[in-house]
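Below: one structure, written as structure tokens.
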Amino acid sequence: MTRRYTKDHEWIEPLSPTTARVGITHHAQDLLGDIVFVELPAVGKVFPTGAEAAVVESVKAASEVYMPLRGTITAINETLIAAPDTINRDPEGEGWFFDITLDNPADLDTLLSQDQYHALIQG
Amino acid sequence: MLTLPLADCHDALHPKWAPFAGYTMPLSYAGTLAEHLHTRTHASLFDVSHMGQAVLRGPDTDALLRVLTPMDPATLKQGMMRYTVLTNAQGGIVDDLMVLRRETDTLLIINAANKTKVYHHIAQHCQGDVTLTLLDNTTILAVQGPQSAAVIATLFPDALALSFLTHRTVVWDGAEITLSRSGYTGEDGFECYGTDTKAARSLFQAIIAHPAVKPAGLGARDTLRLEAGLCLYGMDLSDDTSPVAAGLSFVIQKAQRTHPTFLGHETILSHLNHGTPKTLVPLIFQGRQPIRHDTPIVDDTDRVVGTVTSGAFSPTRGDVVMLAYITTPVPEPLFAMVRGQKLPLMRTTLPFVPHRYHRS
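Chains S and R supply the protein sequences, listed in that same order. Letter 117 of the first sequence, counting from 1, is numbered 110 in my numbering, and no numbers are missing. Count along the second sequence from 1, then add 20; that gives the number in my numbering.
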């Protein structure tokens, strides 16, 4: 299954037909600079598409992480709380934010493909 | 947007650029945290050429300084420099600045964003035989950190004789440079003030070539100065800020307390003797969540009692440090309101990280 992206610089990786993992892109961490703090959502919480699900703060700015698609939080990456710099080091791997169950998995197709996302950040 | 005279030197080091005070400035190179920690452990090169250099010349210079600032110019001998403020008639701060007494003139180092305002303010008060000149093509290179003396000694062996807040004229690449032992990071360090871009460029290259030195940008400069407890104009200081409220009473020298001549002395000396309605308070949050400029401060009844003017994650300490104006008497306990959360704060004293100046 292919990874999708949002215009707000989140990536969403399907883990199964109904679940996915969410994080911020390499480009997003580069824009933020050194990340020193993250606030993660509670497991079990339901968010609509586009809702503020997490907060990431760097030395220079605070930024929201939006729910890419409507769903329920099933797991959070608690290692980020003690080691937020993991997001700078490996944003699209070890630096994931949370896992979700998707209400409408078909909506994944409404998000950006890797090529579309790269075109967006280079444009 | 203005560019730094040495922008080409920076391009080769691939910084992130950001607009600041009308200039495109290097924000960071390897990253603000890494640059901050390198400055505290080794030595960093900062290009702060956006700052202004103005010169006062003539026998009535000291009379002018007695009106413009709460300093006592008689105590500023040649080779010395002093941090002070330009006050306005209402008792606020026009700018905070360094004043360097040189052999034939007095050099003022002023904030980039305030250049025009300061020029007009000083020009308006120039009386008698004194001239004000805002210099062109100015560069300021700052080497900061515990290894800065070793770095500068390879270029200017005589510089080791300088102690904190003293300066001398040196020659580099055919041009005169004012070299001071000073800076705005809390570390030992040197600043090189020049007006010859070609010489500044070769000096930049010579400094950056030293193995202990890495470039550092505005991001690290801001977190370093905050850890050192140093105010930033536009954040902690303004035309409406009393130097007493800002914790800068030390700039009011003895002669100006007994026989005051500086602008706004009626208000400022009243603040000194009777206090101010609000005061700048250093606070710590024992967590990692940054608390930034404009964050409201509340007391235990949720009443807003102040505002953060500078706040950041402290890379050296590992917690969060801030300066906030709080109504007096300062209540306890205090909390920062961040996204609906009430974060408990601790009062402390400045600096947040001990200074390591080289005093004689």
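Glycine is no exception: its CB is placed at the ideal position from the N, C-alpha and C atoms.
Asked                                                                                                                   : Found
Straight-line Cα distance separating Gly86 of chain S from Thr159 of chain R                                            : 44 Å
Closest residue to Thr321 of chain R among R:Pro79, R:Lys362 and R:Thr336 (Cα-Cα distance)                              : R:Lys362
Boundaries (first-last residue) of the alpha helix (DSSP H) holding Glu32 of chain S                                    : Not the alpha helix (DSSP H): Glu32 of chain S falls in the beta strand (DSSP E), residues Ile28 to Glu32.
Buried/exposed call for Val324 of chain R, threshold 16 Cβ in 10 Å                                                      : exposed
Range covered by the alpha helix (DSSP H) that runs through Lys137 of chain R                                           : Lys135 to His145
Interface residues of chain S facing Ala170 of chain R [CB-CB closer than 9 Å]                                          : Here the premise fails: no neighbours, minimum Cβ distance about 27 Å.
Three-state secondary structure (DSSP) of Ser390 of chain R                                                             : Residue 390 of chain R falls outside the range modelled here, since chain R spans only 21 to 380, and no answer is possible.
Interface flag, Val129 of chain S vs chain R, CB-CB below 8 Å                                                           : Since the first and last residues shown for chain S are -6 and 116, residue 129 of chain S lies out of range.
Gly26 of chain S to Val233 of chain R span [Cα, whole Å]                                                                : 21 Å
Cβ contact check for the stretch 292 to 307 of chain R and the stretch 199 to 219 of chain R: 3 or more pairs under 8 Å : no
Under 8 Å (Cβ pairs) to chain R, residues found in the stretch 29 to 49 of chain S                                      : Val29, Phe30, Glu32 and Val48
Separation of Lys218 of chain R from Ile227 of chain R, as counted between CA atoms                                     : 14 Å
Three-state class that DSSP yields for Glu71 of chain S in the structure shown                                          : coil
Extent of the continuous alpha helix (DSSP H) run through Ile80 of chain S                                              : Thr79 to Arg82
Helix, strand or coil at Arg221 of chain R [DSSP, three-state]                                                          : helix
Supposed close pair Gly326 of chain R, Val340 of chain R - CB separation, criterion 8 Å                                 : Going by Cβ atoms, the distance from Gly326 of chain R to Val340 of chain R rounds to 16 Å, so no, they are not a contact pair.
Own chain residues within Cβ distance below 8 Å of Val347 of chain R, not counting five before or after                 : At residue 347 of chain R the sequence reads Thr, which differs from the Val that was named. The residues are Pro297, Lys298, Val325 and Gly326.
Proximity test, Ser9 of chain S beta-carbon vs the ligand GDP heavy atom, cut-off 7 Å                                   : No copy of the ligand GDP occurs in the structure displayed, which carries no ligand at all.
Opening and closing residue of the alpha helix (DSSP H) in which Val350 of chain R lies                                 : That residue, Val350 of chain R, is in no alpha helix (DSSP H); it is neither H nor E in DSSP.
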